[in-house]
Amino acid sequence: SCDASQLCNCSSMGLDFIPLGLTAKITVLNLSQNRIKHVRSQDLQQAVNLRALLLQSNQISSVDEDSFQSLAKLELLDLSNNSLAHLSPVWFGHLFSLQHLHLQGNSYRDLGKSSPFSSLRNLSSLHLGNPQFSVIRQGNFEGIDLLHKLWIDGSNLSHYEQGSLKSIKKINHMIINIRNSNVFSEIVRDILHSVTWLEVRRIAFNIAAEMQVLRVMSLSFAKKISFRWTLLTDATVPEIVSILEDMPKLVELELIDCRLLGTGQWKMQIQAKKSQTLKIFTIEKLSIEEFYLFTDLQAVESLLSLFTRVTVQKTKVFLVPCRISQSLLSLEYLDLSANLLGDQSLEHSACQGAWPSLQTLNLSQNSLSDLEMTSKSLSHLGKLIVLDISQNNFGEIPDMCEWPENLKYLNLSSTQIPKVTNCIPPRLEVLDVSANNLKEFGLQLPFLKELYLTRNQLKTLPGAAPIPNLVSLSVRRNKLNSFSKEEFESFKRMELLDAGDNNFICSCEFLSFIHHEARIGQVLVGWPDKYVCDSPLALRGAQVGTVHLSLMECQRSLVVSLICVLVFLVILLLVAVGYKYHVVWYLRMTWAWLQAKRKPRRAPPKDVCYDAFVSYSENDSDWVENTMVRELEQACPPFRLCLHKRDFVPGKWIVDNIIDSIEKSRKTLFVLSEHFVQSEWCKYELDFSHFRLFDENNDAAILVLLEPIQSKAIPKRFCKLRKIMNTKTYLEWPLEEEQQEMFWFNLKIALRS
151 SCDASQLCNC SSMGLDFIPL GLTAKITVLN LSQNRIKHVR SQDLQQAVNL RALLLQSNQI
211 SSVDEDSFQS LAKLELLDLS NNSLAHLSPV WFGHLFSLQH LHLQGNSYRD LGKSSPFSSL
271 RNLSSLHLGN PQFSVIRQGN FEGIDLLHKL WIDGSNLSHY EQGSLKSIKK INHMIINIRN
331 SNVFSEIVRD ILHSVTWLEV RRIAFNIAAE MQVLRVMSLS FAKKISFRWT LLTDATVPEI
391 VSILEDMPKL VELELIDCRL LGTGQWKMQI QAKKSQTLKI FTIEKLSIEE FYLFTDLQAV
451 ESLLSLFTRV TVQKTKVFLV PCRISQSLLS LEYLDLSANL LGDQSLEHSA CQGAWPSLQT
511 LNLSQNSLSD LEMTSKSLSH LGKLIVLDIS QNNFGEIPDM CEWPENLKYL NLSSTQIPKV
571 TNCIPPRLEV LDVSANNLKE FGLQLPFLKE LYLTRNQLKT LPGAAPIPNL VSLSVRRNKL
631 NSFSKEEFES FKRMELLDAG DNNFICSCEF LSFIHHEARI GQVLVGWPDK YVCDSPLALR
691 GAQVGTVHLS LMECQRSLVV SLICVLVFLV ILLLVAVGYK YHVVWYLRMT WAWLQAKRKP
751 RRAPPKDVCY DAFVSYSEND SDWVENTMVR ELEQACPPFR LCLHKRDFVP GKWIVDNIID
811 SIEKSRKTLF VLSEHFVQSE WCKYELDFSH FRLFDENNDA AILVLLEPIQ SKAIPKRFCK
871 LRKIMNTKTY LEWPLEEEQQ EMFWFNLKIA LRS
């Protein structure tokens, strides 16, 4: 399970213990998602160079105290989602290099009376907690001065001793999942000056009275606050805003996967103090059940003037009130992707005076359908440089459009436009029209530097003369089949040409030209699998500048001829081998055996119609039909025999006739002779009796030798028949008349047995 870099993946193998034989070569060991219950002292003793040990999602309930003693180089230890009921400081005493420790999802209720982490001087990230975790004591974090990330899952944390987290001088990112607002307030009080980014998860702010406990947050020096899976109401939003506004160093606020009960009808007016630090505001997947009744947010207008970056994604925004847009005086970046903005609502949202400082606007995945109206609505944004309106359903593109005068980047990918026209602004430097089923591109864009035409229907490269400053061109996944020398000459100044996954007809001259004459900095040509190419080079995304062609790689006719001859010889050899070793027979019999296996091994007694099925050669039919049949069927009592000439069902497949006849007969009588073993007809009958009767180890087969025959004359593939002839008694037809009466007596006895 180990690769060349000694990363050993033993995940999901059903292991009950750590495998034996671990060596010093192993650097990463993944034992996650097994059934390991106990980590023993000797399990990891030899893995002295281990850097990462992943034991998450097992059933570990106990760890020997010196289990990790030899892992001085270990940097990552993941014991999450196990059954550890306590944590021992001895486990981590020798992990001097440990940087990442994951302990969440176990069953411990506390961290002990002292610090389990006091020896972990290089610890960078620590994940703690579980649904049973209820107590944090003073001294639990002694020895930790700096953490990049601290995650405490304390959904049922009920007791926190003041000062427990004060020993950590700096925490870059702290995630806390705590429902008890009093405990939350006590924790925040201890991290006021140490946390840079505070992420609060799964807490509900229902009523304004609860917010007084959280007023301590206003003293925090955190620069970023994130609320994830948090419940807000119209009553608590003003209180939260008031608290955040008082935070002296807050720069960024995030609301992700939160829920708001209300419509923005806030009962108290927010007395905005215009925080001079808050610049970035992000909302993703904010659920507002009655979003269509939401108000125009006049109460927060005065808070918006200093925002420089605002993101509101996947929140069902269908309109930004004009007054709100006009209040965003400092806004440089606005992302409204994956919402419900339409042409009319965009015109209202981007009213005159709206977003005066905006440089980047993302309106992808909305409900825009009129490109001319969209461009006109945004045309007054004089500072707009980057515009993304991809994944809207424009369908048509007008001949002329009105755009912001300084627009440099335009993304029109996946917008269903059938062609490109002069609607595209001529001063663009970057244009993306991927995934639009374009059949040609002939625009004159003198300032364009990057052009993306991926996933279209182009058959030729765009002309180089109309876009003289182009340095990067992507035409991946089109229908190009060749580059002319003139096309390459015209693109000599380019730094990157990506033409992978097209329909190139590969030729030695084509590759040689790219290799020796083109001066493009990097040419990527990916041959699809359907290529017929005289070069075996699989240049899927390879840089053509590194290709070295040999003489053989350019001889298409020779290579094709050699392949054809080789294939013919292989087929001829297979036919010869198959004939010599009866491959066709084995295949045919295997199929028949599978068919026979579907039926019961023995027919029910009520379906047995014959005393015996007679298998014989056509050359022996005179003796069988005129001598044996007369003697047996006229006996008293008479025997019922099944003969293929007389009793097979006309029109039925011969294989089914043979199998059915054998199954409906109590015995199978083989009349053996030199003619029998050479008969193709008898081979069928012998084959299926070979499968159906001899494998049952019973005496249903009766062998009658019509003439002396050696077992060696029987084909080798009937090995069980040869064995029976060498080990069991068979009846031999006597030529003397006085002995024939005894022959018939013995045969009748065998048939009745």
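Per the working numbering, residue 151 is the first one in the sequence shown, and the count goes up by one each step.
Every residue gets a Cβ at the ideal spot worked out from N, C-alpha and C, and that includes glycine.
In this text the structure is predicted, and so the values were computed from the model without any measurement.
Could you tell me which of the options sits nearest to residue i, measuring between CA atoms?
| i | options | result |
| --- | --- | --- |
| glutamate 402 | Ile430, Ser815, Ile390, Ser344 | Ile430 |
| asparagine 332 | Leu722, Gln206, Arg365 | Arg365 |
| histidine 252 | Ala222, Leu205, Ile286 | Leu205 |
| phenylalanine 371 | Arg352, Ala354, Asp340, Ala385 | Asp340 |
| isoleucine 535 | Ser517, Ser274, Leu581 | Leu581 |
| cysteine 551 | Phe544, Gln541, Ile574 | Ile574 |
| aspartate 396 | Asp228, Thr427, Trp416 | Thr427 |
| valine 338 | Ser507, Met367, Ile617, Leu170 | Met367 |
| valine 213 | Leu229, Leu200, Met163 | Leu229 |
| aspartate 810 | Phe763, Ser257, Ser507, Ser771 | Phe763 |
| arginine 185 | Gln195, Gly650, Ala174, Gly164 | Gly164 |
| serine 517 | Asn542, Lys373, Ile721 | Asn542 |
Tell me whether residue i sits in a helix, a strand or coil according to DSSP, three-state version.
| i | result |
| --- | --- |
| aspartate 797 | helix |
| alanine 174 | coil |
| aspartate 214 | coil |
| lysine 730 | helix |
| valine 715 | helix |
| tryptophan 301 | strand |
| serine 437 | strand |
| histidine 530 | coil |
| lysine 320 | strand |
| leucine 593 | coil |
| cysteine 683 | Residue placement at cysteine 683 is flagged as unreliable, the pLDDT there being 36, under the threshold of 50; the coordinate-derived value follows with that caveat. Here cysteine 683 sits in coil by DSSP. |
| aspartate 396 | helix |
| phenylalanine 763 | strand |
| glutamate 552 | coil |
| glutamine 463 | strand |
| cysteine 501 | coil |
| leucine 403 | strand |
Please report the Cβ distance between residue i and residue j, rounded to the nearest whole angstrom; I am assuming they are in contact, meaning their Cβ atoms lie under 8 Å.
| i | j | result |
| --- | --- | --- |
| tyrosine 760 | lysine 795 | No, tyrosine 760 and lysine 795 are not in contact; Cβ-Cβ is about 14 Å, not under 8 Å. |
| lysine 187 | serine 151 | No, lysine 187 and serine 151 are not in contact; Cβ-Cβ is about 21 Å, not under 8 Å. |
| asparagine 586 | serine 622 | At roughly 19 Å, the Cβ-Cβ gap does not stay under 8 Å, so asparagine 586 and serine 622 are not in contact. |
| leucine 342 | leucine 369 | 5 Å |
| leucine 237 | leucine 261 | 6 Å |
| histidine 250 | phenylalanine 218 | About 14 Å; that fails the 8 Å criterion. |
| threonine 524 | aspartate 493 | 7 Å |
| asparagine 330 | leucine 307 | 6 Å |
| asparagine 628 | glutamine 607 | 7 Å |
| glutamate 579 | tyrosine 602 | Actually they are not in contact, since the Cβ atoms of glutamate 579 and tyrosine 602 sit about 12 Å apart, beyond 8 Å. |
| glutamine 509 | lysine 533 | 6 Å |
Rounded to whole angstroms, what is the Cα-Cα separation between residue i and residue j?
| i | j | result |
| --- | --- | --- |
| leucine 405 | serine 305 | 19 Å |
| asparagine 327 | isoleucine 302 | 6 Å |
| leucine 453 | glycine 414 | 15 Å |
| aspartate 684 | serine 711 | Confidence at aspartate 684 is low in this model, with a pLDDT of 35, below 50, so the placement of that residue should be treated as unreliable; the coordinate-derived value is given next. The alpha-carbon atoms of aspartate 684 and serine 711 are separated by roughly 12 Å. |
| aspartate 384 | leucine 410 | 8 Å |
| cysteine 158 | leucine 557 | 51 Å |
| glutamate 292 | glycine 313 | 11 Å |
| alanine 488 | serine 233 | 42 Å |
| lysine 730 | phenylalanine 718 | 18 Å |
| tryptophan 347 | leucine 172 | 40 Å |
| proline 915 | threonine 465 | Missing from the structure shown is residue 915; the chain here goes from 151 to 903 and no further. |
| methionine 892 | glutamate 824 | 24 Å |
| phenylalanine 246 | threonine 461 | 42 Å |
| phenylalanine 283 | tryptophan 241 | 20 Å |
| lysine 952 | serine 344 | Summary: the structure shown does not reach residue 952, with the chain confined to residues 151 through 903, and so no result is reported for it. |
| valine 198 | serine 317 | 32 Å |
| serine 499 | proline 548 | 23 Å |
| asparagine 208 | alanine 202 | 16 Å |
| isoleucine 168 | threonine 177 | 15 Å |
| leucine 400 | threonine 458 | 14 Å |
| leucine 699 | leucine 647 | At leucine 699 the pLDDT is 47, less than 50, meaning the model places this residue with poor confidence; the figure from the coordinates comes in the next sentence. Cα-Cα distance, rounded: 21 Å. |
Closer than 8 Å, CB to CB, is residue i near chain D or not?
| i | result |
| --- | --- |
| proline 800 | In the structure shown, chain D does not exist; there is a single protein chain. |
> Taking one C-beta from the stretch 385-397 and one from the stretch 436-445 each time, how about it: are there three or more such pairs within less than 8 Å?
Replying inline: no
>> Count Cβ pairs between the stretch 310-325 and the stretch 352-365 that sit closer than 8 Å; are there 3 or more?
In response: no
>> Three or more C-beta pairs under 8 Å: does that hold for the stretch 849-858 against the stretch 796-803?
In response: no
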